[in-house]
C-alpha cells in the first residue's frame with residue numbers, strides 16, 4: 029500500500045490496529061542529504077544550509093519560528109529536471125482556541141516540500157503526527173499527477189504540536205473545528221507570503237481524508253476560499269448511535285463485503301467463504317471450539333491483555349473467552365483487508381469443513397484452522413511478504429490508559445476525538461446463529477467493556493456529540509454548492525463501510541465518488557497492482573476537470 033502509511037488506530041479489545049493513515053506512496057529520489065538543526069539523517073554528514081529566498085520569507089513572518097532547510101539531490105517528474113530538492117520545516121503559532129481572541133498560542137509543526145513556487149500546492153491535511161522528517165523526499169501520486177509542491181500540517185495534539193502540557197493534558201482544545209481553523213490559518217499565511225497565485229488541493233488518507241473532507245465542510249460554513257479541490261482517500265464517516273460513538277457498520281462490512289465479488293471458483297472466492305465458515309464453526313463446531321479454547325489458555329502471548337481485562341472486569345467463562353477469540357479474529361481480518369490485497373493472502377485461509385467431528389488435537393485440518401485464527405501479525409508478514417503491515421499496539425489496561433492520558437504522543441488524542449465526534453469502530457455479531465454457544469448480546473457486552481476502556485470512554489463519558497458532526501456532514505455532501513470534492517474508496521477496504529453514500533454523491537455535480545474494485549486502504553492510485561485502470565482514470569479525469 030506504500031512504503032510507509034500514516035496511522036489510524038482502531039482500539040478494540042486485544043490491540044490497537046494501525047490501519048487508516050498515510051503519506052500515501054513515499055517514493056524516495058534521495059541520493060544525498062544535508063540538514064540544518066536536528067534534520068540530519070542517520071549516517072549523513074550534517075552541514076549548515078544557508079538561507080534562501082523562501083526561508084528568508086518564512087523567518088520574516090509573524091508567528092513563524094524554528095525554520096530549517098533540508099536539501100536532497102535527485103530528480104522527479106515534478107521538479108523540471110532541477111537537481112536540488114528542498115524541504116522547509118518550521119513552527120507556526122496557533123491560538124489554543126480560535127474562537128477566543130487573545131488566548132495563548134502553541135507551536136504547530138509545518139513542512140513544505142518545494143518543487144517549483146509557481147506549481148500547484150497539495151496540502152496533506154494529516155490526522156496525526158507529521159510524516160515528513162527530513163530523511164527522504166516524499167511524493168504521493170496526487171503530487172506527481174499535478175507536478176505539485178507538498179505542504180504537510182501536523183494535527184494538533186500529535187507529535188510536536190501540543191496545545192497543552194503533556195504532564196496534565198485534558199484535550200480542552202481538541203476538536204475537528206479547531207483543526208480546520210489551524211489549516212485555514214496556515215494556508216492563508218502561505219498564500220499571502222509564498223504561494224500567492226497557485227492552485228490549491230487538500231488531500232489525505234483515512235483520518236487525514238476525514239480531515240480534508242471536513243476542511244471542505246467548514247470552509248463552506250465559514251466562507252473560506254482556501255482550496256480549489258479536495259481529494260480525500262478512504263475516509264470513513266461513522267455516525268454511531270445517538271447514545272454511543274460505537275458504530276458497527278464496519279463490523280458488518282468485514283463480514284459481508286470484504287473479499288466479496290471475486291469470480292466463482294477463484295482462490296479469492298473460496299477464501300471469502302472460508303473466512304465466514306471459520307466464524308460460525310469456531311462457535312458451533314465443538315472440536316474446533318475446544319481446540320481454540322485450549323490454545324487460548326496455553327498461549328500466554330495470545331490475547332494476553334484481553335485475558336487481563338476479562339479477569340479484572342468480567343467473570344471468566346469459556347463463552348466470554350470465545351467472544352474474545354472471535355473478536356480478535358475479526359480485528360485481524362480488518363487489518364489484513366485494509367493493508368494487503370486479498371489476492372496475496374486468500375490462499376492462506378483453510379477450509380474448516382475439512383475438520384472431522386471426531387478429529388484429535390494433532391489433526392492437520394484442525395491445526396490449520398487453529399493456527400490461522402491465532403496467526404499473529406509477525407508470522408502473517410512472513411507468509412505474505414507484506415512490507416506495509418502496520419504494527420499493533422496494546423493499550424487496554426487501566427494503567428496504560430492513565431499513562432497515555434498524560435502523554436498524547438501515544439495517539440490517545442485520536443481516541444478522544446473518536447469518542448467526541450468521529451465515532452468508534454464496533455464489530456457486528458448479528459451473524460451468530462440462534463442457540464449458539466455464545467450469543468450476539470454476550471459478544472457485544474464483552475466488546476463494549478474492553479473497547480470502551482481501549483478508547484478511554486470511561487475518561488470521556490458523556491462527550492459524544494450524538495453523531496451530529498458526522499450526520500450533518502453526510503447531509504451536507506448532497507446539497508453543498510461551493511466545494512469540489514473527489515471521494516476515493518476501495519471495495520476491499522473495511523473503512524469503506526463509512527463511505528459517503530452513492531445517492532448523495534450522484535445528487536451533487538460538485539461531488540465525484542470513485543470506487544476502486546478490490547483495493548485496500550491506500551492512496552497510491554498510480555500503482556497498477558493497487559488501483560484498476562478504470563479507477564485511476566476516473567480520479568485523474570475528475571481532478572483535471574475540476575481544476576480547469
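Numbering (my numbering), first residue to last: 29 to 576.
Here a beta-carbon is modelled for each residue, glycine too, at the ideal position from N, C-alpha and C.
Around the C-beta of residue i, are 16 or more other C-beta atoms found within 10 angstroms, so that it is buried, or is it exposed?
i, result
"residue 180", "buried"
"residue 184", "buried"
"residue 522", "buried"
"residue 462", "exposed"
"residue 471", "buried"
"residue 214", "buried"
"residue 326", "exposed"
"residue 375", "exposed"
"residue 509", "exposed"
"residue 537", "exposed"
"residue 392", "exposed"
"residue 563", "buried"
"residue 544", "buried"
"residue 418", "Per-residue confidence for residue 418 stands at a pLDDT of 37, beneath the threshold of 50, marking its modelled position as unreliable; the derived number appears in the next sentence. By the 10 Å Cβ count, residue 418 comes out buried."
"residue 275", "buried"
"residue 10", "In the structure displayed, the chain extends from 29 to 576; residue 10 sits before or after that span and is not available."
According to DSSP, residue i sits in a beta bridge with which residue or residues?
i, result
"residue 115", "98, 141"
"residue 259", "231"
"residue 134", "122"
"residue 541", "515"
"residue 189", "186"
"residue 152", "180, 231"
"residue 453", "275"
"residue 93", "119"
Relative to the alpha-carbon of residue i, which residue among the options has its alpha-carbon at the smallest distance?
i, options, result
"residue 473", "463, 488, 454, 535", "454"
"residue 477", "502, 142, 351, 223", "351"
"residue 378", "305, 367, 411, 515", "305"
"residue 206", "239, 220, 198, 175", "239"
"residue 199", "235, 81, 363, 447", "447"
"residue 490", "202, 373, 270", "270"
"residue 247", "225, 526, 208, 284", "208"
"residue 228", "440, 210, 170", "170"
"residue 541", "231, 570, 245, 153", "570"
"residue 266", "502, 470, 465, 89", "502"
"residue 359", "300, 456, 441", "456"
"residue 282", "515, 528, 565, 459", "459"
"residue 132", "533, 174, 122, 148", "122"
"residue 100", "195, 91, 87, 161", "161"
"residue 82", "145, 543, 401", "145"
"residue 210", "167, 177, 254, 234", "254"
"residue 308", "325, 354, 349, 297", "354"
"residue 551", "572, 526, 539, 515", "515"
"residue 245", "143, 165, 220, 506", "506"
"residue 468", "388, 400, 311", "311"
"residue 529", "264, 555, 127, 280", "264"
"residue 500", "299, 242, 412, 531", "242"
Apart from the five residues just before and just after residue i, which ones in its own chain have a Cβ nearer than 8 angstroms to its Cβ?
i, result
"residue 386", "315"
"residue 548", "29, 365, 366, 367, 368, 369, 518, 520, 521, 558"
"residue 256", "227, 228, 229, 512, 574, 575"
"residue 94", "65, 117, 118, 119, 135"
"residue 147", "106, 174, 175, 176, 177, 226"
Only counting the same chain, and skipping five residues up and downstream in sequence, which positions put a Cβ closer than 6 angstroms to that of residue i?
i, result
"residue 449", "204, 493, 497"
"residue 66", "Its pLDDT being 36, under 50, residue 66 is placed unreliably in this model, and the coordinates cannot settle the point."
"residue 362", "282, 522"
"residue 278", "453, 522, 525"
Just curious, the beta strand (DSSP E) that residue i is in, first and last residue?
i, result
"residue 178", "177-181"
"residue 77", "Segment: none, residue 77 is in no beta strand (DSSP E) and carries neither H nor E."
"residue 147", "Element bounds for residue 147: n/a, residue is neither H nor E."
Can you list, in chain order, the residues of its chain whose CB lies under 7 angstroms from that of residue i, leaving out five sequence neighbours each side?
i, result
"residue 137", "119, 158, 182, 187, 188, 189"
"residue 212", "252, 254"
"residue 567", "514, 516, 542, 553"
"residue 465", "311, 312, 317, 347, 350"
"residue 290", "296, 297, 300"
"residue 398", "319, 320, 323"
What are the start and end residues of the alpha helix (DSSP H) that includes residue i?
i, result
"residue 504", "496-507"
"residue 204", "204-221"
"residue 532", "530-535"
"residue 569", "561-574"
"residue 491", "Unbroken run through residue 491: none, as it is neither H nor E."
"residue 326", "314-326"
"residue 128", "Neither: residue 128 is in no alpha helix (DSSP H) and is coded neither H nor E."
"residue 402", "Residue 402 -> no alpha helix (DSSP H), and no H or E assigned at all."
"residue 169", "169-174"
"residue 346", "346-367"
"residue 441", "440-445"
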